[in-house]
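**Q** Let me begin by handing over the structure; questions about it come next.
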Amino acid sequence: MAHINVDENLPGIRSLMAFCPATAAPMGELANLLLRSNEGLSMADRELIATHVSYLNDCFYCQQSHGAIAVCYLGGNTDLVEQVKKDYAHAEISDKLKALLSIAASVQKGGKFVTTQQIEAAKELGATDRDIHDTVLIAAAFCMFNRYVDGLASNTPSDLSSYPLRAQQIAEKGYGNHIFSNRQPVPENKEIK
Numbered sequence: 001m002a003h004i005n006v007d008e009n010l011p012g013i014r015s016l017m018a019f020c021p022a023t024a025a026p027m028g029e030l031a032n033l034l035l036r037s038n039e040g041l042s043m044a045d046r047e048l049i050a051t052h053v054s055y056l057n058d059c060f061y062c063q064q065s066h067g068a069i070a071v072c073y074l075g076g077n078t079d080l081v082e083q084v085k086k087d088y089a090h091a092e093i094s095d096k097l098k099a100l101l102s103i104a105a106s107v108q109k110g111g112k113f114v115t116t117q118q119i120e121a122a123k124e125l126g127a128t129d130r131d132i133h134d135t136v137l138i139a140a141a142f143c144m145f146n147r148y149v150d151g152l153a154s155n156t157p158s159d160l161s162s163y164p165l166r167a168q169q170i171a172e173k174g175y176g177n178h179i180f181s182n183r184q185p186v187p188e189n190k191e192i193k
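So this is what it looks like as structure tokens:
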């Protein structure tokens, strides 16, 4: 049960956004700017960074939500997403993305944990200043989003079958008002809980 009076039919951050649309609008816009671009990093890379940081922050809702969105962009490759969450160094991803995930993991600990060596290593592997900028901002933003979701104890569905349905909507339509104004999609033969 959430710490504040929210619509329990809207899981995770969605209930918090519905509770306060004034903050939801800029947060949704930030999510779109950070995660819905293929400039430099792909949308899959961006969601993998968000997923990994959410995993490090132990935010179940966000790691499941953004992991499911990454799966949409990766043609259903759930195993890859799980490996990136838990052990990206051995995942079948580019060395450049591994270097960027290292930076994101440092940001998750605190901004001053990012080292010059990490930045240089990422650049040697082809990361641009924009890639590094976006990685740091995604990681920082997800620390905020994760703490928002968990700090208010928002409803976190344990039924993993609900996450892919919402993920597909986000992959198709992006982040926005439909996230908190529409009911959660329901897997066939299931009821909303």
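In terms of the working numbering, the sequence shown opens at residue 1 and continues consecutively.
Beta carbons are placed, not taken as given, at the ideal position from N, Cα and C, and that holds for glycine.
If you're wondering where the values come from, they're calculated on a predicted model, not measured in any experiment.
Report back the beta-carbon spacing between residue 117 and residue 99 to the nearest angstrom; my notes put them in contact at under 8 Å.
**A** Residue mapping note: residue 117 aligns to position 117 of the sequence shown, counting from 1. Residue mapping note: residue 99 aligns to position 99 of the sequence shown, counting from 1. About 10 Å separates the CB atoms of residue 117 and residue 99; that is not less than 8 Å, and the two are not in contact.
**Q** So, at 7 Å on beta carbons, what are the nonlocal neighbours of residue 88 in its own chain, with the 5 sequence-adjacent residues on each side left out?
**A** Taking the first residue of the sequence shown as position 1, residue 88 is located at position 88. These residues qualify, in order along the chain: 52, 98 and 101.
**Q** Which residue marks the beginning of the alpha helix (DSSP H) containing residue 47, and which one marks its end?
**A** If you number the sequence shown from 1, residue 47 lands on position 47. Unbroken alpha helix (DSSP H) run through residue 47: 43–56.
**Q** Does the pairing of the region 52–65 with the region 148–159 give three or more beta-carbon distances under 8 Å?
**A** yes
**Q** Let's see if you can read the secondary structure: which residues bound the alpha helix (DSSP H) around residue 123?
**A** The residue you call residue 123 lines up with position 123 of the sequence shown. Taken as a continuous stretch (DSSP letters only), the alpha helix (DSSP H) holding residue 123 covers 116–124.
**Q** From residue 192 to residue 160, what distance separates their C-alpha atoms?
**A** The sequence position of residue 192 within the sequence shown is 192, counting from 1. The sequence position of residue 160 within the sequence shown is 160, counting from 1. With a pLDDT of 43 at residue 192, under the threshold of 50, the modelled position of this residue cannot be trusted; read the value that follows with caution. Approximately 13 Å, taken between the alpha carbons.
**Q** Using the rule of at least 16 other Cβ atoms within 10 Å of the residue's Cβ for burial, across every protein chain shown, is residue 54 buried or exposed?
**A** If you number the sequence shown from 1, residue 54 lands on position 54. Buried is the call here.
**Q** Buried or exposed, going by whether 16 or more other CB atoms sit within 10 Å of the CB of residue 115?
**A** For the purposes of this step, residue 115 is taken as residue 115 along the sequence shown, with counting starting at 1. Classification for residue 115: exposed.
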